[in-house]
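When you read off a place in the sequence shown, starting at 1, and then add 1, the result is the number in my numbering. A quick write-up on the structure given underneath.
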Amino acid sequence: MTATKPMGPAFPPPERILVIDDHSLVRDGLRSVLEACFPGCTIHEGGTIAEAKEVLAANYDIDLVLLDLNLPEVTRLSGLVELRQGFPGTPIVMVSGAMERATIRDALAAGAAGFIPKSLKRNDIVAALQSVMAGELYVPEVLDQDDDASREDAAIRERIDTLTPQQRVVLGHLVAGRLNKQIAYELDVSMTTVKAHVSAILQKLNVFSRTQAVILANRIGFSG
């Protein structure tokens with residue numbers, strides 16, 4: 002998933018937006034951004050899920066909802082779930098100061114049309130809302146980075162899985178910081194055998210040194 006860029010004027014801007022946040026200063030800040038970037042847009046406000054439901058029930062033409070993640074009366078994503086069930090046709094974008102990847106993923110899985118960090122710059126907020134209005138999913142770049150890291154970790158695990166049982170044991174000793182002489186003693190094998198195992202480990206992991214092999218193993222929590 003990628004944090005998308007502004008799409009240009011190929012789609013109409015939002016005309017009615019509902020901002021739900023229990024902090025008036027945050028609402029004022031978002032209102033300022035929205036009014037500056039979407040002239041003529043009607044901004045509705047509320048501080049609770051009950052108020053959100055009241056506004057949505059009275060205004061079925063709301064184009065977009067900006068919903069604070071941490072409202073006092075809700076438990077985690079329960080507010081999002083409740084609004085999605087009651088008003089499934091209205092896009093809801095979560096707004097939060099928190100950036101936990103698991104929370105972002107859970108919000109998207111629960112039906113959020115996007116996840117906007119409160120620390121995002123004005124232009125990036127506009128880009129995010131434009132993406133959502135264009136029918137796209139907006140996620141912060143941190144999630145892309147997490148996906149890239151997950152793919153890299155998976156590739157490392159695949160390489161380690163190619164090791165023989167004995168090579169895995171030797172790699173475990175390398176991770177523990179043991180020298181070839183110590184490994185040979187522990188496994189009751191010759192130094193030549195240990196060196197052959199280390200050489201094979203480096204080749205299979207596609208690295209050039211014991212240190213690099215240990216770094217890869219530590220990255221995925223391998224201990225032998």
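Glycine included, each C-beta is placed from N, C-alpha and C at the ideal position.
Beta-carbon spacing of residue i, residue j below 8 Å
{"i": "residue 263", "j": "residue 127", "result": "Missing from the structure shown is residue 263; the chain here goes from 2 to 225 and no further."}
{"i": "residue 50", "j": "residue 82", "result": "no"}
{"i": "residue 107", "j": "residue 72", "result": "no"}
{"i": "residue 125", "j": "residue 97", "result": "no"}
{"i": "residue 138", "j": "residue 91", "result": "no"}
{"i": "residue 133", "j": "residue 116", "result": "no"}
{"i": "residue 34", "j": "residue 123", "result": "yes"}
{"i": "residue 196", "j": "residue 163", "result": "no"}
Expected contact under 8 Å - CB spacing of residue i and residue j to nearest Å
{"i": "residue 1", "j": "residue 28", "result": "Past the boundaries of the shown model lies residue 1; the chain is included only from 2 to 225, so the question cannot be answered."}
{"i": "residue 67", "j": "residue 105", "result": "With a Cβ gap of about 16 Å, residue 67 and residue 105 do not count as contacting."}
{"i": "residue 207", "j": "residue 160", "result": "7 Å"}
{"i": "residue 118", "j": "residue 100", "result": "6 Å"}
{"i": "residue 26", "j": "residue 47", "result": "Not confirmed; about 15 Å, so no contact."}
Own chain, CB closer than 7 Å to residue i, minus 5 neighbours either side, in chain order
{"i": "residue 191", "result": "185"}
{"i": "residue 221", "result": "154, 157 and 158"}
{"i": "residue 173", "result": "224 and 225"}
{"i": "residue 168", "result": "198, 201 and 202"}
{"i": "residue 8", "result": "Because the pLDDT at residue 8 is just 40, under 50, the model does not fix this residue reliably, and the value given afterwards should be weighed accordingly. For residue 8, where only same-chain residues beyond five positions count, the Cβ hits under 7 Å are 131, 132 and 135."}
{"i": "residue 6", "result": "A caution first: residue 6 carries a pLDDT of 40, below 50, which makes its placement in the model too unreliable to give a value."}
{"i": "residue 62", "result": "17"}
Exposed unless 16 or more other CB atoms sit within 10 angstroms - verdict on residue i
{"i": "residue 45", "result": "buried"}
{"i": "residue 80", "result": "buried"}
{"i": "residue 183", "result": "exposed"}
{"i": "residue 218", "result": "buried"}
{"i": "residue 39", "result": "buried"}
{"i": "residue 53", "result": "buried"}
{"i": "residue 166", "result": "exposed"}
{"i": "residue 15", "result": "buried"}
{"i": "residue 11", "result": "Residue confidence for residue 11 is low, a pLDDT of 46 falling below 50, so the modelled location carries little weight; the figure read from the coordinates is stated next. The residue is exposed, with fewer than 16 neighbouring Cβ atoms inside 10 Å."}
Contacting residues, own chain, Cβ-Cβ under 8 Å from residue i (five flanking each side not counted)
{"i": "residue 211", "result": "175, 199 and 203"}
{"i": "residue 36", "result": "42 and 44"}
{"i": "residue 179", "result": "187"}
{"i": "residue 84", "result": "50, 53, 54, 57, 66, 68, 91 and 93"}
{"i": "residue 181", "result": "192, 195, 196 and 199"}
Beta-carbon proximity list for residue i, same chain, < 6 Å, skipping 5 on both sides
{"i": "residue 130", "result": "none"}
{"i": "residue 111", "result": "78, 81 and 82"}
{"i": "residue 215", "result": "175 and 176"}
{"i": "residue 120", "result": "none"}
Identity of the residues DSSP links to residue i by a beta bridge
{"i": "residue 65", "result": "18"}
{"i": "residue 118", "result": "97"}
{"i": "residue 44", "result": "18"}
{"i": "residue 186", "result": "The partner list for residue 186 (beta bridge, DSSP) is empty, contrary to what the question assumes."}
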